[in-house]
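Let me begin by presenting the structure, written as structure tokens, before commenting on it.
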Amino acid sequence: MADEDFTEETDGETLTPASAAGLISAEGSRARRRLEWAGRFIFGMWGGVWALSAIGFYLALPRGPELWPRTAAIAIVSVVVTIAFVASIVLGVRSSREVHGPAQRSGAWLGWGWLASYGAIAVVNAGLAGRGLSEDTVALLWSGTSLVVIGILVLTTGAHTLDRIGYGIGILLLCGGALAVLVGVPHNYLVLGIAGGAGMIGHAVLAGGRAG
Amino acid sequence: MGGELDPLIHATTRLRIMVALTTLPAGERVTFPALQKLLDLTSGNLTTHLSKLEGAGYVSVTKIFRRRTPVTYLRVTSTGRRAFDEYRTALHQILPPRT
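As you go down the protein sequences, you meet chains A and B in turn. Under the working numbering, the residues of the first sequence are numbered 454 to 665, in order. Under the working numbering, the residues of the second sequence are numbered 8 to 106, in order.
Quick look at the structure:
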């Protein structure tokens, strides 16, 4: 059937089947980018915070480069984490006001799940540290468990949504957790920062690319 | 549909509305201002086209009050999602295959 048989004129524009197909593709990509950007931005932002924190600690270590005092690293990390936390809540609330439904609720549950997971890890690790573990062992415990928890969260989310990229990045994060313990102190911080930061930022960027 | 293009969808603005709404997962709804901003349409233009889609049962319009402020939510219905799928199928049947 000829293309022009279905030519429709509305809003002063002529819509042919070819232009309709082009419009579906372009508008679909645009809508996905604009409707889903907040979730990806939050994830990527936390990837940046993660990398900055771990590498900041690495650069402050007496057995590492020791570029600045550890107290400076702790202060910078505290400020950056607080800013990221507030930004996540503001963006999350604004996004849930515009789009609402099961997927939004599921995303919010997942976000609180991350917080609960790291809260539990903090209690477990602090509890173990208080039982006389050496400073090096505590450092390795933090690096390993942090990456393993984030790996499990990303991997299970990928499995649940049949997202191969997320699933693959989850496995890489689990491998990073194991590697961080195997390389020992002080390089565990470097592995923690690079694996965690690259994994989270990479996931956000690749998800954005897939959205168009 | 037998290769026929649904005239309710085959119009630039209504097609853009249907594409944006079907991008959301099933059951997800978007506010009127957010859709208006996304599509860069005037309020009157969006309302006119939404009325036609709502009349056909393709779009559901829900008005609620949140803290005494009226909020209008829009979502594509299962009938609308099916009609859009059929429209896309008909479009691909009409268009020559890509070489």
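C-beta atoms are modelled at their ideal positions from N, C-alpha and C, and glycine is treated no differently. Predicted model only: the values in this text are computed from it and were never measured.
Could you tell me the alpha carbon to alpha carbon distance between ARG617/A and MET653/A, rounded to whole angstroms?
The count along the first sequence starts at 1 and reaches residue 617/A at position 164. The count along the first sequence starts at 1 and reaches residue 653/A at position 200. Spanning the two alpha carbons is a distance of roughly 15 angstroms.
What's the gap between the Cα of GLU11/B and the Cα of ILE71/B?
Residue numbering aside, residue 11/B sits at position 4 when the second sequence is read from its first letter. Residue numbering aside, residue 71/B sits at position 64 when the second sequence is read from its first letter. Each residue's alpha carbon lies about 37 angstroms from the other.
Using a Cβ-Cβ cutoff of less than 6 angstroms, which residues in the same chain neighbour LEU643/A once the five nearest sequence positions on both sides are dropped?
Against the first sequence, residue 643/A aligns to sequence position 190. The beta carbon of LEU643/A sits closer than 6 angstroms to the beta carbons of TYR511 from its chain, once the five residues preceding and following it are set aside; these are given in chain order.
By alpha-carbon positions, which one of ALA648/A, ALA660/A and THR469/A ends up nearest to LEU102/B?
What you label residue 102/B is simply residue 95 of the second sequence in a count that begins at 1. Ranking the options by Cα distance to LEU102/B, first place goes to THR469/A.
Reference LEU57/B, options TYR80/B, LEU31/B and ARG75/B, closest by Cα
Looking up residue 57/B in the second sequence gives position 50. The shortest C-alpha separation from LEU57/B is found at TYR80/B.
By alpha-carbon positions, which one of MET498/A, GLY619/A and LEU625/A ends up nearest to GLY597/A?
Position 144 of the first sequence, counting from 1, holds the residue named residue 597/A. Ranking MET498/A, GLY619/A and LEU625/A by Cα distance to GLY597/A puts LEU625/A first.
Contacts that LEU31/B makes with chain A (C-beta to C-beta distance below 9 angstroms):
Within the second sequence, the letter at position 24 stands for residue 31/B. Chain-order list of chain A residues neighbouring LEU31/B: ALA484, LEU488, VAL552, GLY554 and ALA556, by C-beta distance under 9 angstroms.
Kindly indicate if chain B contains any beta-carbon less than 7 angstroms away from that of ALA473/A.
The sequence position of residue 473/A within the first sequence is 20, counting from 1. By this cut-off, ALA473/A is an interface position.
Return the residue from the list LEU606/A, GLY646/A and ARG584/A that minimises the CA-CA distance to LEU632/A.
As a position in the first sequence, residue 632/A is number 179, starting the count at 1. That would be GLY646/A, whose Cα lies nearest to the Cα of LEU632/A.
Between LEU563/A and chain B, is any beta-carbon pair separated by less than 7 angstroms?
As a first step, residue 563/A is located in the first sequence; it is residue number 110 there, counting from the start. It does not; no Cβ of chain B falls within 7 angstroms.
Does the pairing of the segment 34-52 of chain B with the segment 495-504 of chain A give three or more beta-carbon distances under 8 angstroms?
Contact between the segment 34-52 of chain B and the segment 495-504 of chain A is absent: fewer than 3 CB-CB pairs across the two stretches fall below 8 angstroms.
Can you tell me whether ILE71/B is helix, strand or coil according to DSSP?
For this step, residue 71/B is matched to residue 64 along the second sequence. Reduced to three states, the DSSP call for ILE71/B is strand.
If contacts are defined as beta-carbon pairs under 8 angstroms, then THR84/B and VAL66/B qualify, I think. What distance do you get, rounded to the angstrom?
As a first step, residue 84/B is located in the second sequence; it is residue number 77 there, counting from the start. As a first step, residue 66/B is located in the second sequence; it is residue number 59 there, counting from the start. Between VAL66/B and THR84/B the Cβ distance is about 7 angstroms, and since that is below 8 angstroms, they are a contact.
Can you pull the chain A residues whose beta carbon is under 8 angstroms from the beta carbon of THR84/B, in chain order?
What you label residue 84/B is simply residue 77 of the second sequence in a count that begins at 1. Chain A residues near THR84/B: none, gap ~13 angstroms exceeds 8 angstroms.
Using the three-state DSSP reduction, which class does TYR80/B fall into: helix, strand or coil?
In the second sequence, counting from the first residue as 1, residue 80/B sits at position 73. Here TYR80/B sits in strand by DSSP.
What is the DSSP secondary structure of THR467/A, counted as helix, strand or coil?
The residue labelled residue 467/A in the question sits at position 14 within the first sequence. Residue state, collapsed to three classes: strand.
Roughly how far, in whole angstroms, is the beta-carbon of GLY621/A from the beta-carbon of ALA648/A, given that I think they are within contact range, below 8 angstroms?
Reading the first sequence from its first residue, position 168 is the one you call residue 621/A. Reading the first sequence from its first residue, position 195 is the one you call residue 648/A. Not quite, the Cβ-Cβ distance comes to about 13 angstroms (not below 8 angstroms), so this is no contact.
Considering only the beta carbon of each residue, do ARG88/B and THR29/B sit closer than 7 angstroms?
What you label residue 88/B is simply residue 81 of the second sequence in a count that begins at 1. What you label residue 29/B is simply residue 22 of the second sequence in a count that begins at 1. Cβ distance < 7 angstroms, so ARG88/B and THR29/B count as in contact.
If you measure beta-carbon to beta-carbon, which residues of the segment 55-73 of chain B are closer than 7 angstroms to chain A?
The segment 55-73 of chain B vs chain A, Cβ under 7 angstroms: nothing.
Apply the 10 Å Cβ neighbour rule to VAL502/A and answer buried if 16 or more other Cβ atoms are within range, or exposed otherwise.
In the first sequence, counting from the first residue as 1, residue 502/A sits at position 49. By the neighbour-count rule (16 or more Cβ atoms within 10 Å), VAL502/A is buried.
Distance cutoff 7 angstroms, beta carbons only. Does PRO522/A sit that close to anything in chain B?
Counting from one through the first sequence, the residue named residue 522/A turns up at place 69. It does not: the Cβ of PRO522/A has no partner Cβ on chain B nearer than 7 angstroms.
Anything in chain A within Cβ reach of GLY34/B, meaning under 8 angstroms, just list it in chain order.
As a first step, residue 34/B is located in the second sequence; it is residue number 27 there, counting from the start. Chain A residues near GLY34/B: GLY554, PRO555 and ALA556.
For SER548/A, count neighbouring Cβ atoms within 10 angstroms of its own Cβ and tell me buried if that reaches 16, exposed if not.
For this step, residue 548/A is matched to residue 95 along the first sequence. Result: buried.
In this structure, how does DSSP classify VAL638/A when only helix, strand and coil are distinguished?
Taking the first residue of the first sequence as position 1, residue 638/A is located at position 185. Coil, per DSSP.
Where do the N-terminal and C-terminal ends of the beta strand (DSSP E) with THR49/B fall, by residue?
Here residue 49/B is taken as the residue at index 42 of the second sequence, counted from 1. Looking at the DSSP string, THR49/B is not in any beta strand (DSSP E), and its letter there is neither H nor E.
Below 8 angstroms on the Cβ atoms is my contact criterion, and I expect LEU98/B with ALA63/B to pass it. Report the Cβ-Cβ distance as a whole number of Å.
Taking the second sequence and counting its residues from 1, the one referred to as residue 98/B is at position 91. Taking the second sequence and counting its residues from 1, the one referred to as residue 63/B is at position 56. About 18 angstroms; that fails the 8 angstroms criterion.
Please check the pair GLY545/A and GLY564/A, which I expect to be a contact at CB under 8 angstroms, by giving their CB distance rounded to whole angstroms.
As a first step, residue 545/A must be located in the first sequence, where it is residue number 92. As a first step, residue 564/A must be located in the first sequence, where it is residue number 111. 7 angstroms between Cβ atoms; contact.
Buried versus exposed call for VAL539/A [16 or more other C-beta atoms within 10 Å across all chains shown]:
Taking the first residue of the first sequence as 1, we reach residue 539/A at position 86. Answer is exposed; the Cβ neighbour count stays below 16.
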